[in-house]
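So our numbering is basically just the index in the sequence shown, starting at one, shifted up by 901. We treat Cβ as the ideally placed atom computed from N, Cα and C, and that holds for glycine. This one's a predicted model, so the numbers in the text were calculated from it and none came from an experiment. I have placed the structure first, in the form of C-alpha cells, so that the comments after it can refer back to it.
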Amino acid sequence: MSDFEYHGIDQHVGSTPLIRLRRLSELTGCEILGKAEFMNPGGSVKDRVALGIITDAEERGWLNPGDTIVEGTAGNTGIGLTILGHARGYRTVIIIPETQSAEKINLLRNLGAEVITVPEHPYTHPGNFNRVAQRLAAENHWFWANQFDNTAARQAHYRTTGPEIWEQTRGEVSAFVSAVGTGGTLAGTTQFLKERQPRLTAICADPYGAAMWSWFTHGHTDIRDGDSVAEGIGQTRITKNLENLVIDRAYRISDQPAVTILYHLLREEGLFLGLSSGINIAGAVRWARERGPGQTIVTILCDSGLKYQSKLYNPAWLQEYHLDSGLPLESILA
Ligand code: PMP
902 MSDFEYHGID QHVGSTPLIR LRRLSELTGC EILGKAEFMN PGGSVKDRVA LGIITDAEER
962 GWLNPGDTIV EGTAGNTGIG LTILGHARGY RTVIIIPETQ SAEKINLLRN LGAEVITVPE
1022 HPYTHPGNFN RVAQRLAAEN HWFWANQFDN TAARQAHYRT TGPEIWEQTR GEVSAFVSAV
1082 GTGGTLAGTT QFLKERQPRL TAICADPYGA AMWSWFTHGH TDIRDGDSVA EGIGQTRITK
1142 NLENLVIDRA YRISDQPAVT ILYHLLREEG LFLGLSSGIN IAGAVRWARE RGPGQTIVTI
1202 LCDSGLKYQS KLYNPAWLQE YHLDSGLPLE SILA
C-alpha cells in the first residue's frame, strides 16, 4: 500500500494560497498579502469555522449521524455548514436576514439547506436571526452551531489560519489585519501569531455602523454611527470569540475606498472579491502608510465577488448607494 491517501472535501478546507497584492505593495513599499480564503470548498473563510465547529461537536458527542445543525448566519457560515455537514452526514437549517444577497440565499437553498429568512433585528430583539436559531435548536433538539459565542470558531483559526500564515511568510509577517463578524478570524489568528512573534501588530479594520473600532480604541461599544453595505462583518457586541482579545490598532474604513480597491484588483490583478476583503485590504494599506515601508502585512480575502454580482458588481446598485467603481487606486492613499 502506498503512503498516499485520498480524502473527501472535508479534508480540503484551508491551506489556501497567500497572494501578493502587487500594485498596493508597490505603492506602499510593503508586502501586502491576502490569504485567499475564497478558494475554500464553500468559497469563504467560514469553511474553517464550520469544519471546526462540526468536529468539536462530534468530539463532545453533541452531533451524531443524521442530526440537524441549525445556525443564524449572514450566509457564508451556512454555506460551509451545509456542504461540510453533508460530507459528514448532517442536514442544516439556516436562519438568514432577508437583507443578505439573493445569491447567498439561493445558493443555500440549492445546496440543500432548509432556509428561513427573517427581518433584520438587533441582537437584543427576540426576532434576531441568531436568537431564532437558538430557539429552534431548543424546540427541536437540533445542534446550534452558535458561531458568535462558540469559541471553536476562534480555535479553528488558531489551529489553521495562524500557522499557515506563519509558515507561508517564513515568520516574517509583521502585521495582521482583519475585520470582525464573529471575531473568530481576528482573535484566533492574532493569538497564534503573537505567541510566535510578540512584536506583531494586530489590527482591526471596522466598517461604519459597527462598534469594534470604538471597543478597541476607547474600551466601550457606544460608537456605532454611520453605515456600511458590507455583509458578514459589522459587530456591535463583545462575542465570546472576542473576549480577552488585545489588539494594537483599529481603523474605521468606509465603503468607498474598499470598493475602489475591489475594482482595481478585479481589473488589474484578476482578483474577484467581496466587500469585507476590500475593507481588510484598506486597513492593511492604512497601516502600511502609518508605519512606513518594509513590512509584511497579511490580511484575509474572505470571499469572492460571485455572491455579490447583483449588488457590488451591479452599476445600478452601486449608483443607488453612491459608490463609484471608477476612482483611481491612488485616491485611497490621499
Ligand atoms: N467576511 C465575510 C464575507 C464573512 O462572511 C465573515 C463572517 N461572517 C467575515 C468576513 C468575518 O469573519 P469572522 O466571523 O471570523 O469575524
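According to the DSSP assignment, threonine 929 belongs to the alpha helix (DSSP H) that extends over 923-929. Shown here, threonine 1018 sits in a strand according to DSSP, grouped into three states.
Annotation: leucine 1213 to asparagine 965 spans about 40 Å, alpha carbon to alpha carbon. Pairing tyrosine 1024 with arginine 1032, the inter-Cα distance amounts to about 7 Å.
Not one heavy atom of the ligand PMP falls within 6 Å of the beta-carbon of valine 1199. For isoleucine 996, the three-state secondary structure derived from DSSP is strand.
Isoleucine 1182 is positioned such that its CB atom lies no closer than 7 Å to that of threonine 1161.
Isoleucine 1154 is positioned such that its CB atom lies no closer than 7 Å to that of isoleucine 1124.
In the structure shown, valine 946 falls within a coil segment according to DSSP collapsed to helix, strand and coil. Taking a C-beta distance under 7 Å as the contact criterion, alanine 1106 and valine 950 do not qualify as a contact pair. In terms of CA proximity to leucine 1207, Ser1002 leads the group Arg923, Ser1002, Ile910, Trp1116.
By the 16-neighbour rule on beta-carbons within 10 angstroms, serine 1232 is exposed. DSSP, reduced to helix, strand and coil, places arginine 1100 outside both helices and strands of the structure shown, so it counts as coil. Taking the Cα of leucine 1202 as reference, the smallest distance to any Cα among Thr1062, Ala958, Thr993 is reached at Thr1062. Distances taken from the Cβ of serine 1177 to the heavy atoms of the ligand PMP include one shorter than 6 Å. Inter-residue distance for glycine 943 and asparagine 1047 is about 19 Å (C-alpha atoms, whole angstroms).
Within the region 1096-1164, the alpha helix (DSSP H) runs of at least 4 residues that lie entirely inside it are, in chain order, 1113-1119. CA-CA distance, tyrosine 1209 to glycine 1175, rounds to 7 Å.
Within its own chain, the residues whose Cβ lies closer than 6 Å to the Cβ of lysine 1141, once the five positions on either side in sequence are excluded, are Asp1050, Thr1052, listed in chain order.
DSSP, read as helix, strand or coil, puts glutamate 1068 in helix.
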